[in-house]
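Colleague: One structure follows; several queries about it will come next.
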Amino acid sequence: MKHNRIMKLFEYGLTIWIIITLNFLLPRLLPGDPFLLLSSDNAENEEIVMTQEQRDYYESYYGLDKSMGEQYVTYIGQLIHGDLGYSIYYKVPVSQIILGRLGWTAFMVVSALAVSTGIGVLLGSVSAWYREKWPDKLLFFQMILLSEIPVFLIGLMILFVFSAWLRIFPLSGAMTPFEDYTSWWDQLSDILNHAFLPIMVLSISQMGGIYLLVRNSMTTVLQKDYLRTAKAKGLSQKRVIFHHALRNALLPVVTRIFLSLGALVGGAILVENVFAYPGLGRLMRECIQVHDYQVVQGIFLVVTIFVLLANFLADTVYKLLDPRVNDSGKV
Amino acid sequence: MSKIKNKMLKIWKVIKDFSILGKLSLVMLVLVILMAIFATSLSVYPYDFSSGDALMAPGNGHFLGTDDLGIDLWAQICYGARISLLIGFGTAILAALGGGMIGVFSGYVGGVPDKIIMRIIDIIMVIPDFPLMVLLAALLGPSLLNVVIVLALLSWVTPARIVRSQVMMLKEQTYIKVAETYGASNWYLIWRHFLPAVFPILAVNIIRLTGRAIVSEAGLSFLGLGDPTSKSWGLIIHYATSFPGIYYTNFWKWWLLYPWLILTLVVMSLAFLSRELERVMDPRLRIRA
């Protein structure tokens, strides 16, 4: 038992180490001149020809004249101190930019996680209860349809309809620019108004998966003997569903919620760009356009480590919730 | 000749089992493939050169309108079908071949190599793939080949897992054991027994991977990481959304809507087609001939 827990921890540690090493090696091994990027930071892509002296100066300034091993040690040391490098475009430390934008993405992802889980569980239960009758068939078809459309295409569609055509919701951003808020309530409602569509799009993209899982797991649970007993006892339908069935059916959903985080983050990058929402995904596109790859790498690192931590948490939580789960992985 | 006829009849039988949605998807895909093949003759206007006023609404000869440079949108979409399908199928075949090989090797050899490959697969599965794709594509630089390589590198995992589990099941079968005792080499076994047996599953997976690849490429292009010399559907969307204030104008109603529509239709068709094939090929439903 303990041995396996340590193995798992080791595996996650290994994955994080590989990610960090990859992040270190990629720009150094791939073709390309770092000074070409450095000199094109003013967006007009004008190349400055450097003399050999200047090149040597910059190489020693950025530590690129040292051996790979030495560079690697320096890199790890900087990471431990939370130093992700320096943005050549924004002229501030990368960690500072990422911290400034992280909140918006986290807010969006966490809200979408909550909304999609809530609706997915509800619809999945309804579907399982009415299995093979029309509500189930209708829901099943719609959910399959929704789960097959890629998230940024849903995003564009919803933006077309609700913002560009009907003009119910704002087109872009997270807050109305230059707005003077009279109260905190005003500010909050403005933020929610802007966040509503992006969160809805992300939720829709995740809902299908959760719905299918709940439907399956609920159907299995509903056939169990203890459910028949509960019904035979004359308990109300509500009590049978929520108290007896749902609690047992939700176990696989817990892991799924954490595991879907990776896909959600990927979706958030695209959705933020559809709605011009000022999170990490938007930042990524801005930095790609000005070739500021330090920031792109920083975002990748931060996002990946968060997702890995969430996955590790999922493993742990699952074991805490279900004593039946033994370490051979069988339920 | 009769062999070909037999094959055709078999395929026709499978298609006849499809639901309405499956048949529609198939028709849609055939149309888009034809569109890609005959891209140059389907449109009177060039796909890469201005042929009218900028931002003309549909009508007046340009039946889907023009973009901000006056390039005909229909021509761009026809030509974009080539790029998008090329990337989709290219990635899927590359990933399925590579993943299939790794899967056969891992499943057949077993032992330590299998364990190592499974750990690598586990690691790739937990890394969020889209951010990694963005990083790789950004660092490699925009080109068609690079996009295909990046996408294939991140999508061989599923075919590898499927093939591995199939091969592990197959290698316990008596006919394989018999072939082994007759002295069949590993290569012979792989070519004559394993690959034909896993091919149907791999083929269905290729369709699914194609859809994924087209979406991922569109996503990367949308972020500005596409190859600017070959305009895929995603890149048209990128240029349209980069146009300042496009939603305050009417331009999005053709410039953005039509590429979006074709992308959605193709991706959905691929998804439904692979679903249909999975259903038809499900061994629980299939009657052994």
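Here the protein sequences come in this chain order: X and L. Using numbering that gives the first Met the number 0, read the first sequence as starting at 0 and increasing by one per residue. Using numbering that gives the first Met the number 0, read the second sequence as starting at 0 and increasing by one per residue. Backbone N, C-alpha and C define an ideal beta-carbon position, used for all residues, glycine too.
In three-state terms, what does DSSP make of Pro197 (chain X)?
Modeller: Indexing the first sequence from 1 puts residue 197 (chain X) at position 198. Looking at Pro197 (chain X) - three-state DSSP - the assignment turns out to be helix.
Colleague: For Arg118 (chain L), count the other beta carbons within 10 Å of its own beta carbon; 16 or more makes it buried, fewer makes it exposed. Which is it?
Modeller: Translated into positions along the second sequence, residue 118 (chain L) becomes position 119. The residue in question, Arg118 (chain L), is exposed, as its Cβ has fewer than 16 Cβ neighbours within 10 Å.
Colleague: Within 8 Å of any Cβ in chain L, is that where the Cβ of Asp314 (chain X) sits?
Modeller: Locating residue 314 (chain X) in the first sequence gives position 315, counting from the first residue. Closer than 8 Å: no.
Colleague: Taking C-alpha atoms, which residue in L:Asp121, L:Trp253 and L:Gly140 lies nearest to Ser220 (chain L)?
Modeller: Indexing the second sequence from 1 puts residue 220 (chain L) at position 221. Checked all of L:Asp121, L:Trp253 and L:Gly140; the closest Cα to Ser220 (chain L) is L:Gly140.
Colleague: According to the Cβ coordinates, are Leu224 (chain L) and Ala94 (chain L) closer than 8 Å?
Modeller: Taking the second sequence and counting its residues from 1, the one referred to as residue 224 (chain L) is at position 225. Taking the second sequence and counting its residues from 1, the one referred to as residue 94 (chain L) is at position 95. No, they are not a contact pair.
Colleague: Decide if the segment 274 to 292 of chain X is in contact with the segment 118 to 129 of chain X; the criterion is three or more beta carbon pairs, one per stretch, under 8 Å apart.
Modeller: No: fewer than three Cβ pairs fall under 8 Å.
Colleague: Just to confirm the assignment, what range does the alpha helix (DSSP H) spanning Tyr107 (chain L) have?
Modeller: Here residue 107 (chain L) refers to the residue found at position 108 when the second sequence is read from its first residue. Per DSSP, Tyr107 (chain L) belongs to the alpha helix (DSSP H) from Leu72 to Val108.
Colleague: Given a cut-off of 8 Å on the beta-carbon distance, is the pair His193 (chain X) and Gly172 (chain X) in contact?
Modeller: The residue you call residue 193 (chain X) lines up with position 194 of the first sequence. The residue you call residue 172 (chain X) lines up with position 173 of the first sequence. Yes, these two residues count as a Cβ contact at 8 Å.
Colleague: Rounded to the nearest angstrom, what separates Thr278 (chain X) and Ala244 (chain X) at their Cα positions?
Modeller: As a first step, residue 278 (chain X) is located in the first sequence; it is residue number 279 there, counting from the start. As a first step, residue 244 (chain X) is located in the first sequence; it is residue number 245 there, counting from the start. A small fix is needed here, since residue 278 (chain X) is Gly in this sequence, not Thr. So the two alpha carbons sit approximately 39 Å from each other.
Colleague: Is there a Cβ of chain X sitting closer than 8 Å to that of Ile126 (chain L), yes or no?
Modeller: Within the second sequence, numbered from 1, the residue matching residue 126 (chain L) stands at position 127. Yes, Ile126 (chain L) counts as interfacial toward chain X.
Colleague: Can you have a look at Tyr247 (chain L) and say buried or exposed, based on whether 16 or more other CB atoms are within 10 angstroms of its CB?
Modeller: Translated into the one-based positions of the second sequence, residue 247 (chain L) becomes position 248. The residue is exposed, with fewer than 16 neighbouring Cβ atoms inside 10 Å.
Colleague: Does any C-beta atom of chain X lie closer than 8 Å to the C-beta of Val31 (chain L)?
Modeller: The sequence position of residue 31 (chain L) within the second sequence is 32, counting from 1. Not an interface residue.
Colleague: Identify the continuous alpha helix (DSSP H) that holds Glu69 (chain X) and give its terminal residues.
Modeller: Within the first sequence, the letter at position 70 stands for residue 69 (chain X). Start and end: Met67 to Ile79.
Colleague: Any C-beta of chain L within less than 8 Å: which residues of the segment 281 to 303 of chain X qualify?
Modeller: Flagged, chain order: Met283, Arg284, Ile287, Gln288, Tyr292, Val295, Gln296, Ile298, Phe299, Val302 and Thr303.
Colleague: By how many angstroms is the C-alpha of Val279 (chain L) removed from the C-alpha of Ile3 (chain L)?
Modeller: One-based indexing of the second sequence puts residue 3 (chain L) at position 4. One-based indexing of the second sequence puts residue 279 (chain L) at position 280. The alpha-carbon atoms of Ile3 (chain L) and Val279 (chain L) are separated by roughly 21 Å.
Colleague: Is DSSP giving His242 (chain X) helix, strand or coil here?
Modeller: As a first step, residue 242 (chain X) must be located in the first sequence, where it is residue number 243. His242 (chain X): helix per DSSP, three-state reduction.
Colleague: Asn204 (chain L): which of L:Ala270, L:Val146, L:Phe250 and L:Met167 sits nearest, CA to CA?
Modeller: Position 205 of the second sequence holds residue 204 (chain L). Among L:Ala270, L:Val146, L:Phe250 and L:Met167, the Cα nearest to that of Asn204 (chain L) belongs to L:Ala270.
Colleague: Only counting the same chain, and skipping five residues up and downstream in sequence, which positions put a Cβ closer than 8 Å to that of Leu165 (chain X)?
Modeller: Looking up residue 165 (chain X) in the first sequence gives position 166. Here the set comprises nothing.
Colleague: Does Ile122 (chain L) get closer than 8 Å to chain X when you measure Cβ to Cβ?
Modeller: As a first step, residue 122 (chain L) is located in the second sequence; it is residue number 123 there, counting from the start. Chain X, which has a Cβ nearer than 8 Å to the Cβ of Ile122 (chain L), makes this yes.
Colleague: Hey, does Tyr246 (chain L) have any beta-carbon neighbour from chain X nearer than 8 Å?
Modeller: Counting from one through the second sequence, the residue named residue 246 (chain L) turns up at place 247. For Tyr246 (chain L), the answer is yes, since a Cβ of chain X falls inside 8 Å of its Cβ.
Colleague: Can you pull out the residues from the segment 245 to 270 of chain X whose beta carbon lies closer than 7 Å to at least one beta carbon of chain L?
Modeller: Answer in chain order: Gly261, Val264, Gly265, Ile268 and Leu269.
Colleague: Would you verify that the beta carbon of Ser204 (chain X) is, or is not, closer than 8 Å to some beta carbon of chain L?
Modeller: Residue 204 (chain X) sits at position 205 when you count from the first residue of the first sequence. No, its Cβ sits nowhere closer than 8 Å to a Cβ of chain L.
Colleague: For my contact list, Leu272 (chain L) and Gly21 (chain L) are in at a C-beta cut-off of 8 Å; report their separation, rounded to the angstrom.
Modeller: Start at 1 with the first residue of the second sequence, and residue 272 (chain L) comes out as number 273. Start at 1 with the first residue of the second sequence, and residue 21 (chain L) comes out as number 22. Rounded, the Cβ-Cβ distance is 6 Å, consistent with contact.
Colleague: Alpha carbons only, please: which of X:Thr20, X:Val252, X:Tyr74 and X:Thr73 is nearest the one belonging to Leu112 (chain X)?
Modeller: Taking the first sequence and counting its residues from 1, one reaches residue 112 (chain X) at position 113. Measuring from the Cα of Leu112 (chain X), the nearest candidate turns out to be X:Val252.
Colleague: Using the three-state DSSP reduction, which class does Thr175 (chain X) fall into: helix, strand or coil?
Modeller: Walking along the first sequence from the start, residue 175 (chain X) turns up at place 176. It is coil, neither helix nor strand.
Colleague: From this set, L:Lys15, L:Leu28, L:Val13 and L:Lys12, which residue's C-alpha is nearest Met267 (chain L)'s C-alpha?
Modeller: The residue given as residue 267 (chain L) occupies position 268 in the second sequence. When each option's Cα is compared against that of Met267 (chain L), the closest is L:Leu28.
Colleague: CA-CA distance, Pro227 (chain L) and Leu33 (chain L)?
Modeller: In the second sequence, counting from the first residue as 1, residue 227 (chain L) sits at position 228. In the second sequence, counting from the first residue as 1, residue 33 (chain L) sits at position 34. Roughly 24 Å between the two C-alpha positions.
Colleague: At what residue ranges does the segment 70 to 150 of chain X contain a whole run of the alpha helix (DSSP H), taking only runs of 4 or more?
Modeller: Whole alpha helix (DSSP H) segments, 4+ residues: 93 to 128 and 133 to 147.
Colleague: Which whole-angstrom value is the C-beta distance of Ile120 (chain L) and Ala159 (chain L), which I expect to be below 8 Å?
Modeller: For the purposes of this step, residue 120 (chain L) is identified with residue 121 of the second sequence, where counting begins at 1. For the purposes of this step, residue 159 (chain L) is identified with residue 160 of the second sequence, where counting begins at 1. That belief holds up - the Cβ atoms of Ile120 (chain L) and Ala159 (chain L) are roughly 6 Å apart, short of 8 Å.
Colleague: Would you kindly work out how many angstroms separate the C-alpha atoms of Val264 (chain X) and Thr104 (chain X), rounded to a whole number?
Modeller: Residue numbering aside, residue 264 (chain X) sits at position 265 when the first sequence is read from its first letter. Residue numbering aside, residue 104 (chain X) sits at position 105 when the first sequence is read from its first letter. Straight-line Cα distance between these residues: approximately 8 Å.
Colleague: Who pairs with Thr65 (chain L) in a beta bridge, going by DSSP?
Modeller: Numbered from 1 along the second sequence, position 66 holds the residue referred to as residue 65 (chain L). L:Asp71, per the DSSP bridge assignment.
Colleague: Whole angstroms are fine: how far does the CA of Thr157 (chain L) sit from the CA of Ala183 (chain L)?
Modeller: Here residue 183 (chain L) refers to the residue found at position 184 of the second sequence. Here residue 157 (chain L) refers to the residue found at position 158 of the second sequence. Distance between the alpha carbons of Ala183 (chain L) and Thr157 (chain L): 28 Å.
Colleague: Between Thr50 (chain X) and Leu153 (chain L), what straight-line distance do the alpha-carbon atoms span, to the nearest angstrom?
Modeller: On the first sequence, residue 50 (chain X) is found 51 positions in, with the first residue counted as 1. On the second sequence, residue 153 (chain L) is found 154 positions in, with the first residue counted as 1. Computed Cα separation, rounded: 40 Å.
Colleague: At which residues does the alpha helix (DSSP H) containing Met55 (chain L) begin and terminate?
Modeller: Taking the second sequence and counting its residues from 1, the one referred to as residue 55 (chain L) is at position 56. Run containing Met55 (chain L): none; DSSP gives neither H nor E here.
Colleague: Nearest to Ser42 (chain L) by CA position, among L:Ser241, L:Gly79, L:Lys15 and L:Asp16, is which residue?
Modeller: Taking the first residue of the second sequence as position 1, residue 42 (chain L) is located at position 43. Of the candidates L:Ser241, L:Gly79, L:Lys15 and L:Asp16, the one whose C-alpha sits nearest the C-alpha of Ser42 (chain L) is L:Gly79.
Colleague: Beta carbons nearer than 7 Å to chain X: which residues of the segment 207 to 234 of chain L have them?
Modeller: Taking 7 Å as the Cβ-Cβ cut-off against chain X, the residues of the segment 207 to 234 of chain L that qualify are Val214, Gly218, Phe221, Leu222, Gly223 and Leu224.
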